[in-house]
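Worksheet: the structure to be examined is printed underneath.
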């Protein structure tokens, strides 16, 4: 009897993480002599700890197709860092109870670390487990892969939004709003903000200024750049990564001070920048915070990203079937134009808890834009459209109610 | 020789206002014996006052097709309320200088008032002018028309975004974010926020709570509703119109107090609500402010909205050719299912400076949702997809550089 497989989603979800799930499940069905039942843990690793498993045999081909077209984490994800030996031991106990021989963990850097720890623990215990990491993060900060599935779609959403909002501001600038600020995700790295630069096809098109966590913001220089941009083009569109810091290393988003209750204002970066620019330059500002909208926008997913999300899921299964545990599936870029890529793999040890920063050569000399090298890197990642099916004018996303397998073990106490 | 026509865009732009422009220009070309040259004023009525006119003869059929697929105001819009007799007189002087016999003004309630004033002034002066208003406003608050072109596309964007972000929050709620707040436009009326209710197909699906300017928010009741929703469904998605007020009639968005400089916080409603909920309920909150993104999102325009935006433009020309000045083209709903509609017209006097509130029968008894009657009204307005062409992974929007006709008159001093 072949051993069973377990797949789980981890950390912040993406527009295409379910496509990786579909890739894993579909590929696993191709190897019945290697892989028995394919389970998914509800709410990521929490579902392992709580022994809440879903048997994916219930998913029809139609379900799998809809899974590829549905954003969010269809099985639930979690933010839970494995903290104790007891938790690790519990994971192994659940794996043993359910005869799990394959663990597919779909996440970012933290999850790669969990995947590695589980793999090492199983090995030390002499338990036959092949743990494979399926990469995913909109932050695009996983090393040793051309990009992280999820990122290309967010980049496409943000670049589309900037091009659109830029046309709006340009229309109004003669007598009203002159500055628009879009706050995007990116607490430690500026990949998403930088990719918005693709929106500009020609000199003077938005975004005019990109603020990156990698480049400390001097407020005087920023205000001068805003004034200069409005003078030259009549308006100014700014894309700011949430993690932008000032020259003292403080988050600008925390510069707004505290509210009447003494709490740090949750107001965020965009309203802070709008207040700053309005006060010092006198320009009417509008601002938007994309937040989860960018991370869930399956309706404008990148076809390239979708294909890669599916491919890394399928590749993880092939690695497992080939006996290659303790690995992460990767995307290897073969050429920029035309964009060609292949699937590779790296040991988890070189991925776990690492963070790939935006390369300095992608950042323009003035710190407010991107270079041609960055455009060459980003351009193929947003290529192609892969819209979901629509019903009644809205994307027809799946809404599954999972039935959980009856547990075998006592309840785990955290 | 037939007289010339002048078209201008006014107020906040929409994803489909350029489609109305294309409708006007295309239709005007069909009546060469009635209409001579077709000009557009740059930046709306400011372009009339400044005598900055664009001759649309330069626009090819390809340009007109691209105009229909491009958001924002391609010719520039403005926020300028005609304040003086001198300005009105100047408008008439420019019309005389350019032999303008047809004035097509594309805007909301304020613009309808301007259009009416210009019409009346011309009549009083014995100048032969047919002034026709082309309706447009994402706020959907124009009376005597089934809806206002622009609204359906924004409604589709907001409902799509809520469905998507809702799936994201649901994925994370077991161990992280439990509440998501989306702030949408609507300072005086809740049309956009209410339309987001279409995202829910079944009981318990987002949005769980809709906050409307028409329903004063009692914070205690709101917090209880949030707690109750999280208890029932595990998470809570809130859509809030920017113009939501408390029970004292104050904007909630101004409740956040003042910043260190003594300025009213620009932080807005969504971060205020997030702070409130976090403080009182302890739930991790995420929030998004859609702002211009919703108003410019041509990539997810409603096909129905697009068709109606074109139709009101064409209808305005037909009214003009039929000698029907001082009118606004309207959309008349003939039936809900299937949705059928026709074009009508009403005198400007019954439209100018009026505001159509959300009908009480569209608001659920608890004030936090919409009724089946509202769904019947909203559903057809978001129906159908009309994506723009894509190049290199992004919408291929037009980027025109207009040449301005040499002026005939002295410069106007405001």
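Residue numbers (UniProt numbering), protein chains in the order written: chain A, 1 to 414; chain B, 1 to 414.
Every residue, glycine too, gets a C-beta built ideally from N, C-alpha and C.
Proximity of residue i and residue j at Cβ, strictly below 8 angstroms
| i | j | result |
| --- | --- | --- |
| residue 210/B | residue 370/B | yes |
| residue 14/A | residue 299/B | no |
| residue 44/B | residue 310/B | no |
| residue 176/B | residue 284/B | yes |
| residue 27/A | residue 7/A | no |
| residue 448/B | residue 236/B | Limits of chain B in this structure are 1 at one end and 414 at the other, which puts residue 448/B out of reach. |
| residue 362/A | residue 373/A | yes |
| residue 282/B | residue 183/B | no |
| residue 416/A | residue 119/A | This structure leaves residue 416/A out entirely; chain A is present only between 1 and 414. |
| residue 108/A | residue 136/A | yes |
| residue 352/A | residue 116/A | yes |
Short CB-CB distance (under 8 angstroms) between residue i and chain A
| i | result |
| --- | --- |
| residue 365/B | no |
| residue 236/B | no |
| residue 395/B | yes |
| residue 120/B | no |
| residue 143/B | no |
| residue 268/B | yes |
| residue 180/B | yes |
Counted within 10 angstroms of its Cβ, other Cβ atoms place residue i as buried (16 or more) or exposed
| i | result |
| --- | --- |
| residue 194/B | buried |
| residue 404/A | exposed |
| residue 429/A | Since the first and last residues shown for chain A are 1 and 414, residue 429/A lies out of range. |
| residue 4/A | buried |
| residue 306/B | buried |
| residue 83/B | exposed |
| residue 411/A | exposed |
Partner residues on chain A for residue i, Cβ-Cβ distance less than 8 angstroms
| i | result |
| --- | --- |
| residue 298/B | 164 |
| residue 71/B | 164, 167 and 168 |
is_contact[residue i, chain B] using C-beta, thresh 8 angstroms
| i | result |
| --- | --- |
| residue 362/A | no |
| residue 382/A | yes |
| residue 425/A | Any property of residue 425/A remains undetermined from this structure, which presents chain A solely from 1 to 414. |
| residue 286/A | yes |
| residue 403/A | no |
| residue 170/A | yes |
| residue 420/A | Look at the range of chain A in this structure, 1 to 414, and you will see that residue 420/A is not part of it. |
| residue 10/A | no |
| residue 295/A | yes |
| residue 292/A | yes |
| residue 20/A | no |
| residue 24/A | no |
Where residue i meets chain B, residues with beta-carbon distance less than 9 angstroms
| i | result |
| --- | --- |
| residue 221/A | Correct list: empty, because the minimum Cβ distance to chain B is about 20 angstroms. |
| residue 392/A | 198, 201, 379, 382 and 383 |
Alpha carbon of residue i to alpha carbon of residue j, nearest angstrom
| i | j | result |
| --- | --- | --- |
| residue 254/B | residue 272/A | 15 angstroms |
| residue 102/B | residue 168/A | 27 angstroms |
| residue 359/A | residue 10/A | 26 angstroms |
| residue 105/B | residue 112/B | 8 angstroms |
| residue 276/B | residue 95/B | 54 angstroms |
| residue 406/B | residue 279/A | 38 angstroms |
| residue 56/A | residue 331/A | 26 angstroms |
| residue 222/B | residue 30/A | 51 angstroms |
| residue 187/B | residue 50/A | 46 angstroms |
| residue 89/A | residue 329/A | 26 angstroms |
| residue 33/A | residue 233/B | 40 angstroms |
| residue 1/B | residue 81/B | 33 angstroms |
| residue 375/A | residue 400/A | 39 angstroms |
| residue 396/B | residue 408/A | 56 angstroms |
| residue 67/A | residue 297/A | 14 angstroms |
| residue 17/B | residue 163/A | 17 angstroms |
| residue 198/A | residue 156/A | 9 angstroms |
| residue 344/B | residue 72/B | 26 angstroms |
| residue 259/B | residue 12/B | Residue confidence for residue 259/B is low, a pLDDT of 45 falling below 50, so the modelled location carries little weight; the figure read from the coordinates is stated next. Those two C-alpha atoms are separated by around 28 angstroms. |
| residue 316/B | residue 58/A | 56 angstroms |
| residue 415/A | residue 138/A | Limits of chain A in this structure are 1 at one end and 414 at the other, which puts residue 415/A out of reach. |
| residue 152/B | residue 61/B | 26 angstroms |
Under 7 angstroms from the C-beta of residue i: neighbouring residues of chain B
| i | result |
| --- | --- |
| residue 80/A | 175 |
| residue 76/A | 171 and 174 |
9 angstroms Cβ cut-off: residues of chain A touching residue i
| i | result |
| --- | --- |
| residue 151/B | Per Cβ cutoff of 9 angstroms: no residues; residue 151/B is ~13 angstroms from chain A at best. |
| residue 6/B | Here the premise fails: no neighbours, minimum Cβ distance about 17 angstroms. |
Any non-hydrogen atom of the ligand SAH within 7 angstroms of residue i CB
| i | result |
| --- | --- |
| residue 231/B | Ligands in the displayed structure: none, and consequently the ligand SAH is not present. |
8 angstroms Cβ cut-off: residues of chain B touching residue i
| i | result |
| --- | --- |
| residue 46/A | 174 and 175 |
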